[in-house]
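> One structure follows; several queries about it will come next.
2 protein chains.
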Amino acid sequence: MSLPFTTFSKDYLDEIKTSITKYVTKTPVLSNKIINSICGAEIFFKCENFQKSGSFKFRAATNAVLNLDSAQKKNGVITHSSGNFAQALSLASQAQNITAHIVMPKNAPEFKKRAVLQCNNNLVECQSTIIDREKISKKIQDKYDLTFIHPSNNLNVILGNSTVVSELLEDHTDLDYIICPIGGGGLISGSALACEAYSSSCEVIGAEPTNVNDAYRSLQSKQIEYNSTTDTLADGLRTNLGDINFPIILKYVNTIICIDEIEIINAMKLIYDKLDMLIEPSSAVAFAAVLKEKEKFKGKKIGVIISGGNVENNNLPF
Amino acid sequence: MSLPFTTFSKDYLDEIKTSITKYVTKTPVLSNKIINSICGAEIFFKCENFQKSGSFKFRAATNAVLNLDSAQKKNGVITHSSGNFAQALSLASQAQNITAHIVMPKNAPEFKKRAVLQCNNNLVECQSTIIDREKISKKIQDKYDLTFIHPSNNLNVILGNSTVVSELLEDHTDLDYIICPIGGGGLISGSALACEAYSSSCEVIGAEPTNVNDAYRSLQSKQIEYNSTTDTLADGLRTNLGDINFPIILKYVNTIICIDEIEIINAMKLIYDKLDMLIEPSSAVAFAAVLKEKEKFKGKKIGVIISGGNVENNNLPF
Numbered sequence: 008m009s010l011p012f013t014t015f016s017k018d019y020l021d022e023i024k025t026s027i028t029k030y031v032t033k034t035p036v037l038s039n040k041i042i043n044s045i046c047g048a049e050i051f052f053k054c055e056n057f058q059k060s061g062s063f064k065f066r067a068a069t070n071a072v073l074n075l076d077s078a079q080k081k082n083g084v085i086t087h088s089s090g091n092f093a094q095a096l097s098l099a100s101q102a103q104n105i106t107a108h109i110v111m112p113k114n115a116p117e118f119k120k121r122a123v124l125q126c127n128n129n130l131v132e133c134q135s136t137i138i139d140r141e142k143i144s145k146k147i148q149d150k151y152d153l154t155f156i157h158p159s160n161n162l163n164v165i166l167g168n169s170t171v172v173s174e175l176l177e178d179h180t181d182l183d184y185i186i187c188p189i190g191g192g193g194l195i196s197g198s199a200l201a202c203e204a205y206s207s208s209c210e211v212i213g214a215e216p217t218n219v220n221d222a223y224r225s226l227q228s229k230q231i232e233y234n235s236t237t238d239t240l241a242d243g244l245r246t247n248l249g250d251i252n253f254p255i256i257l258k259y260v261n262t263i264i265c266i267d268e269i270e271i272i273n274a275m276k277l278i279y280d281k282l283d284m285l286i287e288p289s290s291a292v293a294f295a296a297v298l299k300e301k302e303k304f305k306g307k308k309i310g311v312i313i314s315g316g317n318v319e320n321n322n323l324p325f
Numbered sequence: 008m009s010l011p012f013t014t015f016s017k018d019y020l021d022e023i024k025t026s027i028t029k030y031v032t033k034t035p036v037l038s039n040k041i042i043n044s045i046c047g048a049e050i051f052f053k054c055e056n057f058q059k060s061g062s063f064k065f066r067a068a069t070n071a072v073l074n075l076d077s078a079q080k081k082n083g084v085i086t087h088s089s090g091n092f093a094q095a096l097s098l099a100s101q102a103q104n105i106t107a108h109i110v111m112p113k114n115a116p117e118f119k120k121r122a123v124l125q126c127n128n129n130l131v132e133c134q135s136t137i138i139d140r141e142k143i144s145k146k147i148q149d150k151y152d153l154t155f156i157h158p159s160n161n162l163n164v165i166l167g168n169s170t171v172v173s174e175l176l177e178d179h180t181d182l183d184y185i186i187c188p189i190g191g192g193g194l195i196s197g198s199a200l201a202c203e204a205y206s207s208s209c210e211v212i213g214a215e216p217t218n219v220n221d222a223y224r225s226l227q228s229k230q231i232e233y234n235s236t237t238d239t240l241a242d243g244l245r246t247n248l249g250d251i252n253f254p255i256i257l258k259y260v261n262t263i264i265c266i267d268e269i270e271i272i273n274a275m276k277l278i279y280d281k282l283d284m285l286i287e288p289s290s291a292v293a294f295a296a297v298l299k300e301k302e303k304f305k306g307k308k309i310g311v312i313i314s315g316g317n318v319e320n321n322n323l324p325f
């Protein structure tokens, strides 16, 4: 697969960052001495759990809706998502006075549905199969002439996501690695583009649950692989790569570390104990990669993207 | 009581801020749409729970040890504290290669003792009475010719604390109020000095548990009052005002809001639910003041100082 576009320049990614600046939160970067000591490395947590809507996806959604033309803005947008992108697109659309329709599987967590409903009345429930999601989305899209925005396989979404790393590398220029969780591939592809543009030496590494390691296998086979199960706590990482983000990942990402379920829980708990932050399991996957590969990361400076914090506080896995 | 010194200029407080910059974390300021909507105001949480040693007291301790003369640095320092200042002074002294002796009551939380022991071998336990604390401190101080650093009633401690608000007002120039918890008076006096120097319109307001509202009563009687009980969850706020910080509070603070125990728990839980952060009860007191006095704060921009996050995660009050 070849890249459908050239590498983006720092200037271009800076423009993207500037254009969404007034809507998104510049999220804090946290460090903790005890965690550094446990890891034997310097960790810089980029805390997208403090982003609006509770995850980095607000950057993606904001960039996507800002890039609609006036007719598209007037008609509105639609997506299907079981979680963070649903909340992100609802909130980002509300901020721009754009109507958003959200298709969510019936079995999505109730607290995520409530979060969507707080700023959006157009929530439609579907069966939890991807076929039903797509069928219902298409029906509503056609009925109202909406623009479909895919949660991860959309260039404006990817470019919106790139701003996580643009911000991080602007303040921490000397990172050796940046570790991203991989689900649909939107975050890591955006991160890789920014890393390429902002740093000559930093490398983006992926972290993925072993149980749904389609990206790990795709990198090996050089074609998009699929998962036969969605059996992971990291509910944000159950999705698959797409034809827009995969070529970017293939070009810029060399390493994906596979993380077992117990390692996800341990990483989540360590963040909770030492940083007093509750992060979602999908976020913990990136930190778990450092804990798993201590030798590789020894003495290095590592940006770890905490992708989101949307977790049900009364239903923790530890 | 009159002020033993003149008001500090912005330039002077800027110098303090600059001198500790490379040691302390510039802590993030967080906002949350749902919390704003619940409060009917715009809240800017200054998150000292992400400060080194887990509380603002690291600023105080750092400024205090940096201001020692060379003989004092050589001999070392001592304090007595049941919590955050013990950790802060241990860590700040370690960073400057200064020996710190810490006197802690036997019944201080084990996790706080462990945190001290991680960077300090000179931990001495005492009975939990203030008389025993002071007696044992004095004995060790005399034996090693140490400099005693009081956790709150010390000018360099107060000036170190002022940097919380210097940072906050630098980034958020248009705040109407800043709400601080009051225990020993070190944070609110530093905050008031910074507010006076950095803003012509912002007002510092105190928040104190009703059960130990010595500061509230002191402000009314214009003399230092004492508590007959230490019966509050907010363990960091059980202490009393001192002769150095009280005149500052008397001059610059007009309002102290008293907070009941259930209100502390509710505020702590709301931060946990909406921001996914665990903060200590002493921190929650300041936020509880906004929730309690919604009419007063309606439509205002309010800085709320989250003073620390040192809480035992498996022993939450909710």
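Taken in sequence, the protein lines are chains F and B. Sequential numbering from 8 applies to the first sequence in the numbering used here. Sequential numbering from 8 applies to the second sequence in the numbering used here. Where a beta carbon is used, it is the ideal one built from N, C-alpha and C, also for glycine. Predicted, not measured: the structure shown is a model, and the values here were computed from it.
1. From the DSSP output, which residues share a beta bridge with residue 162 of chain B?
2. Please list the segments of the beta strand (DSSP E) lying wholly inside the stretch 87–117 of chain B, counting only runs of 3 or more residues, in order along the chain.
3. What residues from chain F crowd round residue 96 of chain B, counting only those whose CB sits closer than 9 Å?
4. Just checking, does the stretch 95–114 of chain F make contact with the stretch 245–253 of chain F on the three C-beta pairs under 8 Å criterion?
5. So residue 65 of chain F contacts chain B; which residues on that side make the cut at Cβ distance below 9 Å?
6. Note down, in chain order, every chain F residue with its Cβ under 7 Å from the Cβ of residue 324 of chain B.
7. Under a Cβ-count criterion, where at least 16 other Cβ atoms within 10 Å of its own Cβ denotes burial, should residue 148 of chain F be classed as buried or exposed?
8. Name, please, each residue of chain B whose Cβ falls closer than 9 Å to the Cβ of residue 130 of chain F.
9. From the DSSP secondary-structure annotation, give me the bridge partner or partners of residue 62 of chain F.
10. Tell me, please, whether the CB atom of residue 30 of chain B is closer than 8 Å to any CB atom in chain F?
11. Could you pull out every unbroken alpha helix (DSSP H) segment of at least 4 residues lying fully inside the stretch 199–263 of chain F, listed in chain order?
12. Just mark residue 177 of chain B as buried or exposed, buried being the case when its beta carbon has 16 or more other beta carbons within 10 Å.
13. Straight-line CA distance for residue 193 of chain B to residue 160 of chain B?
14. When burial is assigned at 16 or more other CB atoms within 10 Å of the CB, is residue 306 of chain F buried or exposed?
15. For the beta strand (DSSP E) that contains residue 185 of chain F, what are its first and last residues?
16. Which residues in chain B sit within 7 Å of residue 316 of chain F, going by Cβ to Cβ distance?
17. Rounded to whole angstroms, how far is the Cβ of residue 64 of chain F from the Cβ of residue 95 of chain F, which I believe are closer than 8 Å?
18. Give, in chain order, every residue of the stretch 47–71 of chain B whose Cβ lies closer than 9 Å to some Cβ of chain F.
19. What span of residues does the alpha helix (DSSP H) with residue 307 of chain F cover, start to end?
20. Would you mind stating whether residue 222 of chain B and residue 266 of chain B have Cβ atoms separated by less than 8 Å?
21. Does any CB atom of chain B fall closer than 8 Å to the CB of residue 37 of chain F?
22. Within the 8 Å Cβ cut-off, does residue 280 of chain B reach chain F?
23. Take the Cβ of residue 35 of chain F as the centre, count every other Cβ of all protein chains shown within 10 Å, and call the residue buried at 16 or more, exposed below.
24. For residue 132 of chain F, which of helix, strand or coil comes out of DSSP?
25. Can you tell me which of the three DSSP states residue 23 of chain F falls into?
26. Short check: CB of residue 112 of chain F to CB of residue 66 of chain F, under 8 Å?
27. Could you tell me whether the stretch 167–184 of chain F touches the stretch 33–48 of chain F, using the rule of 3 or more Cβ pairs below 8 Å?
28. Does DSSP put residue 2 of chain B in a helix, a strand or coil?
29. By the DSSP assignment, the alpha helix (DSSP H) with residue 276 of chain B in it spans what residues?
30. Hey, could you find the ends of the beta strand (DSSP E) residue 49 of chain F is sitting in?
31. Answer with yes or no whether the minimum CB distance from residue 127 of chain F to chain B is below 8 Å.
32. Per DSSP, what are the beta-bridge partners of residue 37 of chain B in this structure?
33. Is residue 265 of chain F helix, strand or coil when you go by DSSP?
34. Is the Cβ of residue 320 of chain F closer than 8 Å to any Cβ of chain A?
35. DSSP has residue 85 of chain B in a bridge; who is on the other side?
36. Determine the closest residue to residue 79 of chain F out of F/153, F/48, F/23 and F/71, with distance taken between C-alpha atoms.
The relevant details are as follows:
1. In the DSSP output, where bridge partners are listed per residue, residue 162 of chain B has none listed.
2. 107–112
3. Within 9 Å Cβ-Cβ: nothing; residue 96 of chain B doesn't reach chain F, min ~15 Å.
4. no
5. Chain B residues near residue 65 of chain F: none, gap ~11 Å exceeds 9 Å.
6. None at all; the shortest Cβ gap to chain F is about 14 Å.
7. buried
8. Neighbours of residue 130 of chain F on chain B: none; closest Cβ ~17 Å, over 9 Å.
9. F/315
10. no
11. 221–228 and 252–259
12. exposed
13. 6 Å
14. exposed
15. 184–188
16. 283
17. 4 Å
18. 54, 56, 57, 59, 60 and 61
19. Element bounds for residue 307 of chain F: n/a, residue is neither H nor E.
20. no
21. yes
22. yes
23. buried
24. strand
25. helix
26. no
27. yes
28. With chain B covering 8 to 325 only, the question about residue 2 of chain B has no answer from this structure.
29. 268–282
30. 49–54
31. no
32. B/52
33. strand
34. Absence of chain A from the displayed structure is noted, the protein chains being F and B.
35. B/108 and B/155
36. F/153
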